[in-house]
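A.B. asks:
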Amino acid sequence: MLKFMGKQDRLAVAAACQAARQAGLEAAALEQAGLYLVSGHIPFEEDDMLPLAEHSTEQGAFSMERFSTDGLDQVNPLLTFRCLPNMPIFHVSLNLGIRGPSMTSFPGLGQFYQVLEQALWALQEGDIEVALVGAVADQNNFLVDYHRQRRGHPQAHDVAGFLCLRKGASLARLIDLSIAYDGHKTQPSPWGPAELVHQLSQKQWSHQAHTPDGLTVASRWQP
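Position 108 (the sequence shown) corresponds to 110 in my numbering; numbering is contiguous.
#1: Near T106, which residues of its chain fall below 6 angstroms by C-beta distance, leaving aside the five closest residues on each side in sequence?
#2: Can you look up G8 in the DSSP assignment and give me helix, strand or coil?
#3: Reducing DSSP to helix, strand and coil, say where V77 ends up.
#4: Counting beta carbon pairs with one atom in the stretch 119 to 135 and one in the stretch 51 to 71, are three or more of them shorter than 8 angstroms?
#5: Indicate whether I100 and L167 have their beta-carbon atoms separated by less than 7 angstroms.
#6: Does the contact criterion of 3 or more C-beta pairs under 8 angstroms hold for the stretch 170 to 187 versus the stretch 211 to 220?
#7: Just to confirm my understanding: we take P103, look at its own chain, exclude 5 residues before and 5 after, and list those with CB closer than 8 angstroms. What are they?
#8: Spell out the partners DSSP gives C166 in its beta bridges.
#9: Tell me whether G112 sits in a helix, a strand or coil according to DSSP, three-state version.
#10: On the DSSP bridge list, what partners appear for V161?
#11: What distance in whole Å lies between the Cβ atoms of L134 and A18, which are believed to be in contact at a cut-off of 8 angstroms?
#12: State the Cα-Cα distance for the pair D72 and G154, rounded to the nearest angstrom.
#13: Could you check which residue in T213, V146, W193 has the C-alpha nearest to that of G185?
#14: Quick test of your reading: H93 and D11, contact by CB under 8 angstroms. State the CB separation rounded to the nearest angstrom.
#15: Straight-line CA distance for H149 to Q141?
#16: So V161 and S41 are in contact, right, with Cβ under 8 angstroms, and what is the actual spacing, rounded?
#17: By the 10 Å Cβ neighbour count, where 16 or more other Cβ atoms means buried, how is F6 classified, buried or exposed?
#18: Return the bridge partner residues of W223 from the DSSP annotation.
#19: Using a 10 Å radius around the Cβ and a threshold of 16 neighbouring Cβ atoms, would you call S58 buried or exposed?
#20: Spatial neighbours of N143 within its chain, please: C-beta separation below 6 angstroms, excluding the five flanking residues on both sides.
#21: Using C-beta distances below 7 angstroms, list every residue in its chain close to A25, excluding the 5 sequence neighbours before and after it, in chain order.
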């Protein structure tokens with residue numbers, strides 16, 4: 003299975019396994035758990051990008067015909083599996099045996115708050131008893147680096163982290179959560195979609211941020 007996994011997939015599986023182990027989740031609980039995950043921007047390395055681009059143009063312009071024939075012939079067919087943003091949630095569910103409700107989104111902190119909200123609703127409705135809510139982003143690769151540099155964004159980290167949510171007992175209790183669109187856009191955090199998870203790991207229990215897509219998100223936690 004490793005040959006189908008990119009860096010982002012491996013980061014997600016490692017973080018999810020660690021979170022499940024620390025939460026003491028056994029196989030039976032994991033099977034019925036909900037899984038909610040946000041993946042970062044699609045990663046792509048220069049060695050794969052250049053031959054693909056070179057063989058996908060005609061007279062200096064992009065050619066769909068060449069891309070779909072000569073271009074795709076230049077890359078490893080398994081590359082698709084390693085960079086698709088919905089693959090991390092597949093690998094996590096497969097490796098942990100999770101068969102409950104699931105949701106995946108991308109690419110940033112605003113979307114992490116949205117999947118967190120979905121997990122809370124599922125818990126409140128009694129659809130699940132446990133939710134794994136995570137974020138992963140391969141942010142040190144050619145394509146993502148190019149995107150961030152072009153937009154003047156700071157250097158970012160590779161990140162992965164999960165929260166284990168359940169009613170009644172845990173390391174910290176969620177007191178309040180809000181998501182609103184106000185159009186106020188800002189640069190993404192170096193921690194990408196995992197900013198909240200990172201902050202909680204540092205025992206910082208209040209979080210608020212503006213996102214690049216105009217959302218204002220906030221949450222308060224009680225240790």
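Think of the CB as a built atom: it goes at the ideal place given N, C-alpha and C, for glycine as much as any other residue.
C.D. replies: Judging by the given coordinates:
#1: As a first step, residue 106 must be located in the sequence shown, where it is residue number 104. Here T106 has L39, N88, I91 as same chain residues with Cβ atoms under 6 angstroms from its own Cβ, once five neighbours each way along the sequence are excluded.
#2: Reading the sequence shown from its first residue, position 6 is the one you call residue 8. Assignment of G8 by DSSP, reduced to helix, strand and coil, places it in the coil class.
#3: Locating residue 77 in the sequence shown gives position 75, counting from the first residue. Per DSSP, reduced to three states, the secondary structure at V77 is coil, with no helix or strand assignment.
#4: The stretch 51 to 71 vs the stretch 119 to 135: no contact.
#5: Taking the first residue of the sequence shown as position 1, residue 100 is located at position 98. Taking the first residue of the sequence shown as position 1, residue 167 is located at position 165. Against a cut-off of 7 angstroms, the Cβ pair of L167 and I100 comes out as no contact.
#6: The answer is yes - the stretch 211 to 220 touches the stretch 170 to 187, with three or more Cβ pairs under 8 angstroms.
#7: Numbered from 1 along the sequence shown, position 101 holds the residue referred to as residue 103. So the qualifying residues of the chain are G36, L37, A124, D129, I130.
#8: Stepping through the sequence shown from its first residue, residue 166 is reached at position 164. Here C166 is bridged, per DSSP, to L134.
#9: Along the sequence shown, one-based indexing puts residue 112 at 110. DSSP places G112 within a helical segment (H, G or I) once states are collapsed to three.
#10: To locate residue 161, count along the sequence shown from 1; it is residue 159. Its beta-bridge partners are A139.
#11: Translated into the one-based positions of the sequence shown, residue 18 becomes position 16. Translated into the one-based positions of the sequence shown, residue 134 becomes position 132. In this structure A18 touches L134 by the C-beta definition: roughly 6 angstroms separates them, less than 8 angstroms.
#12: Taking the first residue of the sequence shown as 1, we reach residue 72 at position 70. Taking the first residue of the sequence shown as 1, we reach residue 154 at position 152. Looking at the two C-alpha atoms, the distance is approximately 34 angstroms.
#13: Here residue 185 is taken as the residue at index 183 of the sequence shown, counted from 1. Closest option to G185, Cα to Cα, is T213.
#14: Stepping through the sequence shown from its first residue, residue 93 is reached at position 91. Stepping through the sequence shown from its first residue, residue 11 is reached at position 9. Correct: roughly 5 angstroms between the Cβ atoms.
#15: Stepping through the sequence shown from its first residue, residue 149 is reached at position 147. Stepping through the sequence shown from its first residue, residue 141 is reached at position 139. For H149 and Q141, the distance between alpha carbons rounds to 10 angstroms.
#16: Along the sequence shown, one-based indexing puts residue 161 at 159. Along the sequence shown, one-based indexing puts residue 41 at 39. Cβ-Cβ separation between V161 and S41: approximately 11 angstroms, too far for a contact (criterion under 8 angstroms).
#17: Working through the sequence shown from its first residue, we reach residue 6 at position 4. Its Cβ having fewer than 16 others within 10 Å, F6 is exposed.
#18: Residue numbering aside, residue 223 sits at position 221 when the sequence shown is read from its first letter. Residue pairing by DSSP puts W223 in a beta bridge opposite L176.
#19: Counting from one through the sequence shown, the residue named residue 58 turns up at place 56. Counting Cβ neighbours within 10 Å, S58 comes out buried, since at least 16 surround it.
#20: Here residue 143 corresponds to residue number 141 of the sequence shown, with the count starting at 1. Contacts found: P45, E47.
#21: For this step, residue 25 is matched to residue 23 along the sequence shown. These residues qualify, in order along the chain: C166.
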